[in-house]
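Protein chains in written order, with the numbering used here: chain A, 133 to 432; chain B, 1243 to 1481. Notes for the one structure printed next.
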Amino acid sequence: MDSVIQVRDLTKTYKNTSALDGISFDIERNTIYGLLGRNGAGKTTAMSILTAQNFATSGSVRVFGEDPYENPRVLSRLCFVRESQKYPDEATARTAFRSAAMFFPNWDQELCERLIGEFQVPLKTVIKKLSRGQLSAVGVIIGIASRAEITFFDEPYLGLDAVARQIFYDRLLEDYAEHPRTVILSSHLIDEISHLIEHVIVIDGGRIIMDQSAEETRDRATNVVGDAETVDALVAGREVLHRESLGRVASVTFLGTLTPDERRRVEASGLELAPVPLQQLIVRLTQHHQNANDTEGALR
Amino acid sequence: MTTATAAPRPHTNRMLGVVRLQLINTQSLVWVPLLVLAGAVAISLIIIGLIPGDDVKIVGAANAPLWYFVALGVQSMTLAFPFSQAMSVTRREFFVGTLLLGAIAGAMMASIYLVLAGIEALTDGFWMNGRIAYLPYLFESGWVTAWLGYFTATVLLFVVGFWMATIWKRFGTLAVVSISVALGLAITIAIFAITKMEWWVPVITWFADVGALNVTLGGLVLTAVLALGTYATLRRATV
Chain A
133 MDSVIQVRDL
143 TKTYKNTSAL
153 DGISFDIERN
163 TIYGLLGRNG
173 AGKTTAMSIL
183 TAQNFATSGS
193 VRVFGEDPYE
203 NPRVLSRLCF
213 VRESQKYPDE
223 ATARTAFRSA
233 AMFFPNWDQE
243 LCERLIGEFQ
253 VPLKTVIKKL
263 SRGQLSAVGV
273 IIGIASRAEI
283 TFFDEPYLGL
293 DAVARQIFYD
303 RLLEDYAEHP
313 RTVILSSHLI
323 DEISHLIEHV
333 IVIDGGRIIM
343 DQSAEETRDR
353 ATNVVGDAET
363 VDALVAGREV
373 LHRESLGRVA
383 SVTFLGTLTP
393 DERRRVEASG
403 LELAPVPLQQ
413 LIVRLTQHHQ
423 NANDTEGALR
Chain B
1243 MTTATAAPRP
1253 HTNRMLGVVR
1263 LQLINTQSLV
1273 WVPLLVLAGA
1283 VAISLIIIGL
1293 IPGDDVKIVG
1303 AANAPLWYFV
1313 ALGVQSMTLA
1323 FPFSQAMSVT
1333 RREFFVGTLL
1343 LGAIAGAMMA
1353 SIYLVLAGIE
1363 ALTDGFWMNG
1373 RIAYLPYLFE
1383 SGWVTAWLGY
1393 FTATVLLFVV
1403 GFWMATIWKR
1413 FGTLAVVSIS
1423 VALGLAITIA
1433 IFAITKMEWW
1443 VPVITWFADV
1453 GALNVTLGGL
1463 VLTAVLALGT
1473 YATLRRATV
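What follows is the structure, given as structure tokens:
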């Protein structure tokens, strides 16, 4: 394993609220990560601490084996354009790209020009006056063309239409194939990016509730549909994430998979098994995590 | 892989990069101060023309562009800091680059004032015995001292603005207002005390005795102290 980022017991507290609650994880070199979670889960906080834009309350962060804070050796290899990035008042997209070319050692101007054309970013309008989608496109272009060894994308698709989002996914993958690097992509549109990401980290309420490869997530949970009684008998003793029923038919999502033997029996009894799409899995896990938290809170 | 071996650019390039990044705001940083200067000179000339008599007429209006440097210091922080963070610039690089910008701007301003003073000296105060930049006290110890005086005043005011904006970024509006009120009170009380004790004459004689050069050097030390304070505040400031 070749990790470029190591996070241990990272905590961030704002006055009375805790944004990150002792999280630990590693980021491997040349992998695309999905950093997923609800609004306010702590995704942006985590990314801004990793890039030394913000400060940890406690815990340690190592990027390329060093503390990134005030460390130009490390920072010049990172790129993090915020979702709510502020640009100089008088900056146009052109001047913003010129600055990026100055500061990112691997900047590719040709790629930048191509992306400008594809995203149709107006170059002479001041950034303040761009639409939300165009503003996102400026950040996306800086992120891709900087070719930083670790690139963070913080909800990069805000305001982008479906075509522009597809351009983003395609160009990111293309350039990633030619110039492998580590990409950390935070997003709500889980289904849209599920084919891009190789590793999933889910944060909820400042804690990590999932940290596994995209392949492993497929085996994380199973969905079974069929006669309610038969379904309930099958899932008895298993950790149920979600249950829905309509009349005598029930659909239950539970953690884990079935053994080949169980699988045969289930299919023989007329139940249908289905894998759980990533978005479903994360939604159910998050809800499950929050219910568990609420119960825990109530018991305290 | 090529990306892994690419050496980070040397420090100095990134600091100069900050100066260029700051200059994206050309209007605020270059044109507005020049416009304020031109306006102040024009108004001063009119005032000089209106004052009757042949005595030396000193008009203070021309120091307006110097005061604008407080605003400039504020803007150099608020307009550029968030973007510098996205450009993976360290706070130290941002601080040194921004201070460098203040020093360059101060040097240019001081030079413009000296040219203006030269014109005044040659034309006998625009043929009206007026004094806008060619102030007797400042030029008593020579032109180099005068240049340094203008430079120091400009950079000092720039750093005051820079620090204020950094305090605002880090601690919020309440902190800035509290400090401003406290400073305002302190100055008012000082003026009140000097007036009450009838110390104005000794104070003015003291400044005259110490001379423009020493006052300027004192200003430079004060600027350095304020700059250190700014850096200490900036080190933990967030976007």
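Glycine included, each C-beta is placed from N, C-alpha and C at the ideal position.
Tell me the residue span of the beta strand (DSSP E) that contains Glu376 of chain A. It spans 372–378 - the beta strand (DSSP E) in which Glu376 of chain A sits, taken as one unbroken run.
At the level of alpha carbons, what is the spacing between Val1274 of chain B and Gly1295 of chain B? Approximately 34 Å between the Cα atoms of the pair.
Would you call the CB atoms of Gly124 of chain A and Ala151 of chain A closer than 7 Å? Residue coverage of chain A in this structure runs from 133 to 432, which leaves residue 124 of chain A outside it and unanswerable.
Val444 of chain A versus chain B: which residues are under 8 Å apart at the beta carbon? Residue 444 of chain A is absent from the model: chain A starts at 133 and stops at 432.
So is Phe157 of chain A in contact with chain B if we call contact Cβ pairs under 7 Å? no
Inter-stretch contact at 8 Å, needing at least 3 Cβ pairs: the segment 333–350 of chain A / the segment 421–428 of chain A: yes
Are the CB atoms of Val270 of chain A and Ala225 of chain A within a distance shorter than 7 Å? yes
Give the residues from the segment 166–190 of chain A that approach chain B closer than 9 Å (Cβ to any Cβ), ordered along the chain. Residues passing the 9 Å Cβ filter: Ser180, Thr183, Ala184, Gln185, Asn186, Phe187.
With the cut-off set at 7 Å, would you say Ile276 of chain A and Gly166 of chain A are in Cβ contact? no
Closer than 7 Å at the beta carbon, the chain A residues around Val1331 of chain B: Phe235
Local Cβ density within 10 Å of Met1243 of chain B, reported as buried at 16 or more and exposed below that: Legend: pLDDT at Met1243 of chain B = 40, less than 50; position of this residue unreliable, no value from coordinates given.
Residue environment, Val295 of chain A, which counts as buried when at least 16 other CB atoms sit within 10 Å: It is exposed - the Cβ of Val295 of chain A has fewer than 16 other Cβ atoms within 10 Å.
Please list the partners that Leu210 of chain A has in chain B, where partner means a Cβ-to-Cβ separation under 8 Å. Ser1330
Verify whether the separation of the beta carbon atoms of Gly1315 of chain B and Phe1404 of chain B is less than 7 Å. Yes, these two residues count as a Cβ contact at 7 Å.
Is the segment 280–288 of chain A close to the segment 361–374 of chain A, with three or more CB pairs under 8 Å? Contact fails between the segment 280–288 of chain A and the segment 361–374 of chain A, because fewer than three Cβ pairs, one in each stretch, are under 8 Å apart.
Please classify Gly337 of chain A: does DSSP put it in a helix, a strand, or coil? If DSSP states are grouped into helix, strand and coil, Gly337 of chain A belongs with coil.
Starting from Ile1266 of chain B, find everything on chain A with Cβ-Cβ shorter than 9 Å and list it in chain order. At a C-beta separation below 9 Å, Ile1266 of chain B has these neighbours in chain A: Tyr219, Pro220, Asp221, Glu222, Ala223, Thr224, Thr227, Ala228, Arg230, Ser231.
Starting from Phe1404 of chain B, find everything on chain A with Cβ-Cβ shorter than 9 Å and list it in chain order. Within chain A, no residue comes near Phe1404 of chain B; the closest Cβ sits about 16 Å away, beyond 9 Å.
Can you check whether the C-beta of Val1481 of chain B is within less than 7 Å of a C-beta belonging to chain A? yes
Is the number of C-beta pairs between the segment 1354–1370 of chain B and the segment 1420–1438 of chain B that are closer than 8 Å three or more? Cβ pair count under 8 Å is below three, so no.
Is Lys144 of chain A near Ala188 of chain A, with beta carbons less than 7 Å apart? The answer is yes: Cβ separation under 7 Å.
DSSP three-state assignment for Tyr1310 of chain B, whether helix, strand or coil: helix
Which residues in the same chain have their Cβ closer than 8 Å to the Cβ of Glu404 of chain A, if we skip the five residues on either side of it in sequence? Val356, Val357, Gly358
Apart from the five residues just before and just after Val1397 of chain B, which ones in its own chain have a Cβ nearer than 7 Å to its Cβ? These residues qualify, in order along the chain: Gly1344, Ala1345, Gly1348, Thr1465.
Taking the alpha carbon of Ala1328 of chain B as the point to measure from, which residue in A:Ile159, A:Ile340, A:Ile273 has its own alpha carbon closest? A:Ile273
DSSP state of Glu347 of chain A mapped onto helix, strand, coil: helix
Which class does Asn186 of chain A belong to by DSSP, given the choice of helix, strand or coil? coil
Reduced DSSP category for Thr1332 of chain B - H, G, I as helix; E, B as strand; rest coil: coil
Which of the three DSSP states is assigned to Gly1453 of chain B in this structure? Three-state DSSP puts Gly1453 of chain B in a helix.
Alpha carbon to alpha carbon, how far is Leu290 of chain A from Val332 of chain A? Give it in angstroms, no decimals. Rounded to the nearest angstrom, the two C-alpha atoms are 20 Å apart.
Less than 7 Å between CB atoms is the rule here; does Glu287 of chain A satisfy it with respect to chain B? no
Report the option in A:Arg380, A:Arg350, A:Val398, A:Glu202 whose CA atom is closest to the CA atom of Gln412 of chain A. A:Arg350
Cβ neighbours of Arg395 of chain A in the same chain (closer than 8 Å, five flanking residues each side left out): Within the same chain, and ignoring the five residues on either side of Arg395 of chain A in sequence, the residues whose Cβ sits closer than 8 Å to its Cβ are Leu405.
Span of the beta strand (DSSP E) holding Pro407 of chain A? 404–407
Check the Cβ of Phe1325 of chain B against every Cβ in chain A and list those closer than 8 Å, keeping chain order. Gln217, Lys218, Tyr219, Pro220, Ala223, Ala228, Ser231
Contact between the segment 1309–1323 of chain B and the segment 1263–1274 of chain B is defined here as three or more beta-carbon pairs at a separation below 8 Å; is this criterion met? yes
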